[in-house]
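Asker: Residue 1314 is where the sequence shown starts when you use my numbering, and the numbers rise one by one after that. Using N, Cα and C, we set each Cβ at its ideal position, and we do this for glycine too.
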Amino acid sequence: MYTKGKWEVSGFFVVRVDAPKTKDQPAGATYICQLDTCAVSDEEAQANARLIAAAPELLEALKNCVVDAKQKLTKTERLERIKYAESAIAKAESEAQ
């Protein structure tokens, strides 16, 4: 089980940006993780943060690939799945979020 929701990079943190309010945290952001910049450069830490933030979308895209391999899809459905997967990959690899 992992924290559901939209994950984004915020500085050296990965946060869930659509988090509901809880007794411990205000609405709007839940911290998923904080990147350690002691062992790697800031640039590498940011790249790691982008990859972590894209993880839920990458997982969903991979699950879709497995489903797709097991069934016949229309051309439109295939193109929608490909577009989603490409978007998740771009999020993981992008230089600016």
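Tell me whether THR1350 sits in a helix, a strand or coil according to DSSP, three-state version.
Answerer: The answer is coil: DSSP assigns THR1350 none of H, G, I, E or B.
Asker: Specify the secondary structure class of VAL1322 as computed by DSSP and reduced to three states.
Answerer: VAL1322 falls in the strand class under three-state DSSP.
Asker: Is it true that the CB of ASN1361 sits closer than 7 Å to the CB of LEU1348?
Answerer: Yes. Within cutoff.
Asker: Taking 7 Å as the threshold (C-beta atoms), are ALA1342 and THR1350 in contact?
Answerer: No, the pair does not count as a contact, with Cβ atoms beyond the cut-off.
Asker: Take ASP1331 and list the residues in its own chain whose beta-carbon comes closer than 7 Å to its own, dropping the five residues that flank it on each side.
Answerer: Correct list, in chain order: GLY1318 and LYS1319.
Asker: Over the uninterrupted alpha helix (DSSP H) stretch that includes LEU1386, give me the two end residues.
Answerer: Unbroken run through LEU1386: none, as it is neither H nor E.
Asker: Looking only at its chain, what residues have a beta carbon closer than 6 Å to the beta carbon of GLU1373, apart from the 5 residues adjacent to it on each side?
Answerer: Closer than 6 Å at Cβ, skipping near neighbours: no residue.
Asker: Report the rounded CA-to-CA distance for VAL1322 versus LYS1404, giving the unit in angstroms.
Answerer: Cα to Cα, VAL1322 sits roughly 10 Å from LYS1404.
Asker: With DSSP as the reference, label VAL1328 as helix, strand or coil.
Answerer: Strand.
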